[in-house]
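Quick notes on the structure that follows.
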Amino acid sequence: MPGTVAPKRRRNLWTAVAVALVTSAGVAVWQLWPTDASTIAIPDQVCGRTLPGKLAADLLPDTGDQYQERVGNGFGAPENGPTPECILSAGGRRVMVEYNKFLDTDLHKTRRQAEEKVERVAKNPGSVPLRLGDARGYGAKYVAILSLNCPMQGYQGTVTASAFGMSGFPSDSSKAQAFAELTAETLRLAARNVYKCTGSGTSALPGGPPSLGRPRAE
C-alpha cells in the first residue's frame, strides 16, 4: 500500500531501535485540536508540549482530518515506561516518534547490542548516513534513527531516538530531511531532559538540523 511501512520494513525498524523484551501499554490518550473542515492547525508544541510543532507540520498535510496526538509510556517525563512514544495524526497521515535507553549494568548488557543493530541497518542499501554531533544513525524516505553514547545512573549507556511514517505517505515522495530533524529534536529531549546523559550538551548535540549523507548504493 502506498505510504504504508511494509511488514518487513516495520520489523526492521523495531529491530533497529529496541532490544528490550518487556513492553508496557502505559497510559495513552488521544488529544484533538479543533479546526475547520479543510485547514489543519498544528499546535506550537506537540507530543505533550515537548517538541516543536513546526517539525510535525513539516511531515503532516495542510488539509484534511484534524490534528490528533497520542502520548504513551511517559513520553517526555523523567519517569517513564519502556519505549516512550508519541503518535501524530492529521489528514490521513500518521507519524510515530519514540526513544529508549540501553544500559550495561552488572546484570544486563544491552548498550552495544542496540548500537550494533542501528549500525547494521544503517548499512542497508538505500539508507542515508545521519549525524548530529556525537550521535550517529541513518535516514530514509520515511524514517530516521539516531544513537548517542549516554552514561547514566553510574553505568555506560546508549539512547536511541527515531521517527517514522506509519501510513498515508505518497509512495513517490520523500521526507528524509523532515524525519531527520524531528528525530534530532527527540534525541535532544531524551538525552538532556529525560535521561540527563553526562556530556549531552551543546558539543555532543549541537543546535540546527542534523547532517544527511549520500544514500548507499542499491
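If you read the sequence shown in the numbering used here, its first letter stands for residue 983, the second for the next number, and so on.
Yeah, the Cβ is synthetic: ideal placement off N, Cα and C, and Gly gets one too.
What does a CB cutoff of less than 6 Å around residue i pick up in its chain, not counting 5 residues either side in sequence?
| i | result |
| --- | --- |
| ALA1038 | ILE1024, VAL1028 and LEU1070 |
| TYR1049 | TRP1015, ILE1022, ILE1024 and ALA1072 |
| ALA1104 | TYR1120 |
Check residue i in the structure and name its three-state DSSP category.
| i | result |
| --- | --- |
| THR1168 | helix |
| GLN1159 | helix |
| GLN1201 | Residue 1201 cannot be examined here, being either before or after the span of the chain that is shown, 983 to 1200. |
| GLY1139 | strand |
| ALA1059 | coil |
| GLY1046 | coil |
Near residue i, which residues of its chain fall below 7 Å by C-beta distance, leaving aside the five closest residues on each side in sequence?
| i | result |
| --- | --- |
| ALA1173 | LEU1130, CYS1132, VAL1141, CYS1179, SER1182 and LEU1187 |
| SER1156 | LYS1123 |
| ASP1047 | ALA1072, GLY1073 and GLY1074 |
Check whether the Cβ of residue i sits closer than 7 Å to any heavy atom of the ligand ZN, and report yes or no.
| i | result |
| --- | --- |
| ASN1106 | By its list of ligands, the structure shown contains no ligand whatsoever, and the ligand ZN lies outside what it can speak to. |
Should residue i and residue j be called a contact, given that it needs their Cβ atoms to be closer than 8 Å?
| i | j | result |
| --- | --- | --- |
| PHE1151 | TYR1120 | no |
| THR1165 | ILE1127 | yes |
| LEU1041 | VAL1077 | yes |
| GLU1067 | GLU1080 | yes |
On the premise that residue j lies in contact with residue i, defined as a C-beta separation below 8 Å, what is that separation, rounded to the nearest angstrom?
| i | j | result |
| --- | --- | --- |
| PHE1057 | GLY1139 | That pair is no contact at about 19 Å. |
| THR1032 | LEU1171 | 6 Å |
| ALA1143 | PHE1161 | Not confirmed; about 11 Å, so no contact. |
| GLY1285 | ASP1026 | Past the boundaries of the shown model lies residue 1285; the chain is included only from 983 to 1200, so the question cannot be answered. |
Residue range of the beta strand (DSSP E) that residue i falls in?
| i | result |
| --- | --- |
| VAL1053 | 1050–1054 |
| GLU1067 | 1067–1072 |
| ARG1113 | 1110–1114 |
Can you find the residues in the same chain that come closer than 8 Å, C-beta to C-beta, to residue i, ignoring five residues on each side of it along the sequence?
| i | result |
| --- | --- |
| MET1134 | LYS1083, LEU1085, TYR1177, LYS1178, CYS1179 and THR1180 |
| VAL1110 | TYR1120, GLY1121, ALA1122, ALA1158, LEU1194, GLY1195, ARG1196, PRO1197 and ARG1198 |
In terms of residues, what are the limits of the alpha helix (DSSP H) holding residue i?
| i | result |
| --- | --- |
| ARG1102 | 1093–1104 |
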